[in-house]
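With this note's numbering applied, the sequence shown corresponds to residues 39 to 350, in that order. Note that CB positions come from ideal geometry on N, CA and C, so glycine has one too.
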Amino acid sequence: MKIIGYLSNHRGRDVVLAALQELAAYENYRIETVGDFSRVGSIAQAIWGLINISDVLVAYISKESPYLYYEIGLAHGSGKPVVILAEKSVAPPVEVLGQRVFTIDPLVESVENIAFRVQDAIEEAVRKKNLFIGYRNPRDSDYLPSPQGYLSPIGDFRALFSYEGAARGHRFERWFVEAAKSVPGWEVIESERNHRRDDGFDCVIWNSREDYELTVLGNPIAIELKSIRGMTADVLSKFLHRARISGLKAVVLATTGKNDARTLKLLSRLRKEEGINAIALDRDDLIHVSDSEGMVNLFKHKIRELLYGGEY
39 MKIIGYLSNH RGRDVVLAAL QELAAYENYR IETVGDFSRV GSIAQAIWGL INISDVLVAY
99 ISKESPYLYY EIGLAHGSGK PVVILAEKSV APPVEVLGQR VFTIDPLVES VENIAFRVQD
159 AIEEAVRKKN LFIGYRNPRD SDYLPSPQGY LSPIGDFRAL FSYEGAARGH RFERWFVEAA
219 KSVPGWEVIE SERNHRRDDG FDCVIWNSRE DYELTVLGNP IAIELKSIRG MTADVLSKFL
279 HRARISGLKA VVLATTGKND ARTLKLLSRL RKEEGINAIA LDRDDLIHVS DSEGMVNLFK
339 HKIRELLYGG EY
């Protein structure tokens with residue numbers, strides 16, 4: 039799944055948003071807007087979160103939304119490809135001159151035609167993505183608010199992407215732990231923060247729910263949490279080996295990144311070699327979790343994939 043972040047302040051009928059929503063109906067796209075980050079503290083953090091969580095950004099410059107160069111600059115600085123669309127009657131601001139801008143006429147072009155052009159531009163942007171190190175989030179901090187001040191029983195996963203580096207990692211740990219604790223019948227035991235987990239796990243879940251599907255994972259369920267682009271071969275092999283020698287039946291690896299097909303294939307091979315039931319949760323899975331039932335359903339969905347293969 040590709041997450042497409044939409045940048046626009048356009049009011050009224052928005053043909054570009056309509057085109058993106060049409061694409062999402064039959065392509066493997068998910069559309070996110072700044073409005074989806076309404077639970078994040080400020081507009082600036084919401085914009086940063088949208089940029090961080092997206093694979094590609096689509097920016098629409100219109101008469102009502104002419105000044106997006108700040109957001110476009112942030113996206114470029116973060117190494118994210120940006121598709122820039124401009125309404126025919128609007129001259130793009132000088133800040134984006136020199137960049138490729140697609141002109142559209144919302145009074146003449148159909149939503150279907152715009153969708154076709156936008157899809158081509160998105161796929162081209164993905165192919166030509168420039169992976170450079172961009173600006174760091176100025177709000178990075180090791181300070182972690184208490185769960186009561188920052189997270190509801192299950193906070194908004196998107197909010198994590200308003201932060202970078204260690205700040206996001208700490209918040210991801212808190213988000214996952216609080217989400218797991220909200221599930222009736224789950225007791226979560228966290229590792230000591232003073233002792234880094236070279237020979238242990240980030241946390242374990244003791245499951246007392248009467249649910250036959252969850253019994254596949256045994257007790258306890260070891261959890262490894264990583265705020266990285268995706269699980270690497272080194273991370274996977276060390277974690278599964280550590281789980282095997284600990285006598286565990288199953289493990290869960292969760293990341294704020296996206297696990298590609300190569301990573302999942304590697305996980306499948308290591309799972310067989312180590313004899314461990316391992317499931318992987320990534321950004322595209324966790325973004326759907328908004329309550330305790332959603333967390334349980336995600337675990338069960340992944341267990342079905344593990345047992346029967348394919349998507350369920």
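- The criterion of a C-beta distance shorter than 8 Å is not satisfied by Glu262 and Val242.
- Contact between Ile42 and Leu55 is ruled out by a C-beta separation of about 11 Å, above the 8 Å threshold.
- In this structure, the alpha-carbon of His208 lies about 11 Å from that of Val215.
- Listed in chain order, the beta strand (DSSP E) elements of length 3 or more contained wholly in the region 285-349 are 288-293 and 315-319.
- Counting the other CB atoms within 10 Å of its CB gives Leu345 a total below 16, which places it among the exposed residues.
- Of the residues assessed, Tyr108 falls on the exposed side of the cut-off, its CB having fewer than 16 other CB atoms within 10 angstroms.
- By the beta-carbon neighbour count (other beta carbons within 10 angstroms, threshold 16), Asp158 is exposed.
- Arg77 counts as exposed, since fewer than 16 other C-beta atoms from the protein chains shown sit within 10 angstroms of its C-beta.
- In the assembly as shown, Val164 is an exposed residue. Its beta-carbon has fewer than 16 other beta-carbons within 10 Å.
- Excluding residues up to 5 positions away in sequence, Glu251 and Val254 lie with their Cβ nearer than 6 Å to the Cβ of Ile341 in the same chain.
- Boundaries of the alpha helix (DSSP H) around Asn151: Val149 to Arg165.
- Taken atom to atom, the span from the alpha-carbon of Leu145 to that of Thr270 is near 48 Å.
- Under the three-state reduction of DSSP output, Leu106 falls in the coil class, being neither helix nor strand.
- The closest CA to that of Ala84, considering only Ser92, Ile91 and Phe75, is found on Phe75.
- Taken atom to atom, the span from the alpha-carbon of Lys264 to that of Arg196 is near 16 Å.
- Asp320 has its alpha-carbon roughly 5 Å from the corresponding atom of Thr293.
- Setting aside the 5 residues that flank it on each side, Leu198 is surrounded in the same chain by Arg206, Arg209, Phe210, Trp213 and Thr294, each with a C-beta closer than 7 Å to its C-beta; the list follows chain order.
- Within the same chain, Pro191, Ile192, Asp329, Ser330 and Met333 come within 8 Å of Ser220 by CB-CB distance, once the 5 residues on both sides are set aside.
- Around the beta carbon of Pro222, fewer than 16 other beta carbons sit within 10 angstroms, so the residue counts as exposed.
- In the DSSP assignment, Asn90 falls within the unbroken alpha helix (DSSP H) covering Ile81 to Ile91.
- A straight-line Cα-Cα distance of about 42 Å links Gly256 and Glu161.
- Leaving aside the five residues that flank Ala260 on each side, the residues in its chain whose CB is nearer than 6 Å to its CB run, in chain order, Phe239, Val242, Ala281, Leu286 and Val289.
- Taking 8 Å as the cut-off, the beta carbon of Ile99 is found closer than this to the beta carbon of Leu123.
- One Cα belongs to Arg51, the other to Ile152, and the distance between them is close to 14 Å.
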